[in-house]
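Numbering of the sequence shown is given in this note's numbering, commencing with residue 151 and proceeding in unit increments.
All C-beta atoms, glycine included, are put in the ideal place defined by N, C-alpha and C.
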Amino acid sequence: MINKTKVIGVGGGTGLSTLFRGLRNKDIEISGIISVTDDGGSSGRLREGYGILPPGDFRNCLVAMSDTEPLLQKLFQHRFDGEDELSGHSFGNLFILAMEKITGSFEKALEESCKILNVKGSLLPSTLDQINLTVEMKDGTTIEGESNIQYNKSGIKNIFLNPNSPIPNPKAQIALSESDYIILGPGSLYTSIIPNLLVPGIVDSLQGSKAKKIYVCNVATQLSETDGFDACDHVEIIQKFTGNMSLDHIIINNAIEDLGSNFPTSKCVEVGHVHDDWGNIILEDLMNPNFKGHHDSDKLADVIMKIIN
Numbered sequence: 151m152i153n154k155t156k157v158i159g160v161g162g163g164t165g166l167s168t169l170f171r172g173l174r175n176k177d178i179e180i181s182g183i184i185s186v187t188d189d190g191g192s193s194g195r196l197r198e199g200y201g202i203l204p205p206g207d208f209r210n211c212l213v214a215m216s217d218t219e220p221l222l223q224k225l226f227q228h229r230f231d232g233e234d235e236l237s238g239h240s241f242g243n244l245f246i247l248a249m250e251k252i253t254g255s256f257e258k259a260l261e262e263s264c265k266i267l268n269v270k271g272s273l274l275p276s277t278l279d280q281i282n283l284t285v286e287m288k289d290g291t292t293i294e295g296e297s298n299i300q301y302n303k304s305g306i307k308n309i310f311l312n313p314n315s316p317i318p319n320p321k322a323q324i325a326l327s328e329s330d331y332i333i334l335g336p337g338s339l340y341t342s343i344i345p346n347l348l349v350p351g352i353v354d355s356l357q358g359s360k361a362k363k364i365y366v367c368n369v370a371t372q373l374s375e376t377d378g379f380d381a382c383d384h385v386e387i388i389q390k391f392t393g394n395m396s397l398d399h400i401i402i403n404n405a406i407e408d409l410g411s412n413f414p415t416s417k418c419v420e421v422g423h424v425h426d427d428w429g430n431i432i433l434e435d436l437m438n439p440n441f442k443g444h445h446d447s448d449k450l451a452d453v454i455m456k457i458i459n
């Protein structure tokens, strides 16, 4: 039996779900390492009420990786409205919560959810500890909690975990060491990708892995996080938080256009000044024509498969 190429994404729920949606039917083995600092919306309420790790990003990736009936995928993403305590919760988040109570652990809940949704890969938290983000903004303000960053427009100066030394998930570290390709992003730079890198031991596992490292730069800037950033600014931040880890491939969208009403506070990420020692720079039109400001899953998957093949 020929072993399939192992590809692992590192990030959060929105960006990685876009990546996985394009890769799920390719002849590779995909998995994801997901950040656990989300404290807003349904995930935040379930964290506070039940002590569960935030399920929302995992739910999005489960659905993106699933090979099952569209109705079941739609069910997992269904969000309750109304005025009662269910309002704002998605069915998938509640499902993962119930599965954790039945199986006894968040990891087991994800494993069983993968079976039910016929997910061929795996999803792993970077840590199983409860952690939050503490952010130092450029105006000197200190912000506690990922969901509160959006209210300060001065820009991020530095970012930390609270508590600052969570135990890394050993399964995530093993997955990194055994992978053939590690893909950082796409996803929110400071609130999806970097929280994983701040977990002690994760960067060591990244650096120690023989896998080819790929960074997928975002298509659009993000309010309060990357206002005014070009692609090179993104890469420099990634290198800062990975100890100047070498990147074998950097994938950048070069279809620059007005994002219109989809992203009134964001702009397309320009390429900027590319450094000669940055490895293989890949410039492609990766824009989703139907949802500008986001990657097109199939376009991105095609670029990645060209690298692999």
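- In the displayed model, Lys449 falls within a helix according to three-state DSSP.
- The Cβ atoms of Phe413 and Gly443 sit closer than 9 Å to each other.
- Following the DSSP letters along the chain, one finds Tyr331 inside the beta strand (DSSP E) bounded by residues Tyr331 to Leu334.
- With a cutoff of 9 Å on beta-carbon distance, Val369 and Ser276 are scored as not near each other.
- By the Cβ test, the stretch 160-175 is in contact with the stretch 335-344, since at least three Cβ pairs between them sit closer than 8 Å.
- Around the beta-carbon of Asp380, 16 or more other beta-carbon atoms lie within 10 Å, marking it buried.
- Rounded to the nearest whole angstrom, the C-alpha separation of Met395 and Glu375 is 22 Å.
- Counted as a single uninterrupted DSSP element, the alpha helix (DSSP H) harbouring His384 occupies residues Ala381 to Phe391.
- With a 10 Å radius around the Cβ and a threshold of 16 neighbouring Cβ atoms, Ser237 comes out exposed.
- Non-local C-beta neighbours of Asn319 in its own chain, meaning closer than 7 Å and more than five positions away in sequence, comprise Leu274, Pro275, Ser276, Thr277 and Leu278, ordered along the chain.
- Judged by beta-carbon spacing, Ile184 lies within the 9 Å limit of Phe208, meaning their Cβ atoms are closer than that value.
- From the listed residues Asp448, Gly232 and Leu244, the smallest Cα separation to Phe226 is found for Leu244.
- Apart from the 5 residues on each side of it in sequence, Glu294 sits with its Cβ closer than 6 Å to the Cβ of Thr284 in its chain, given in chain order.
- Residue pairing by DSSP places Ala370 opposite Cys418 in a beta bridge.
- When the five nearest sequence neighbours on each side are left out, the beta carbons in the same chain lying within less than 7 Å of the beta carbon of Leu260 are those of Phe208 and Leu273, in order along the chain.
- Taking the Cα positions, Gly206 is about 31 Å away from Asp289.
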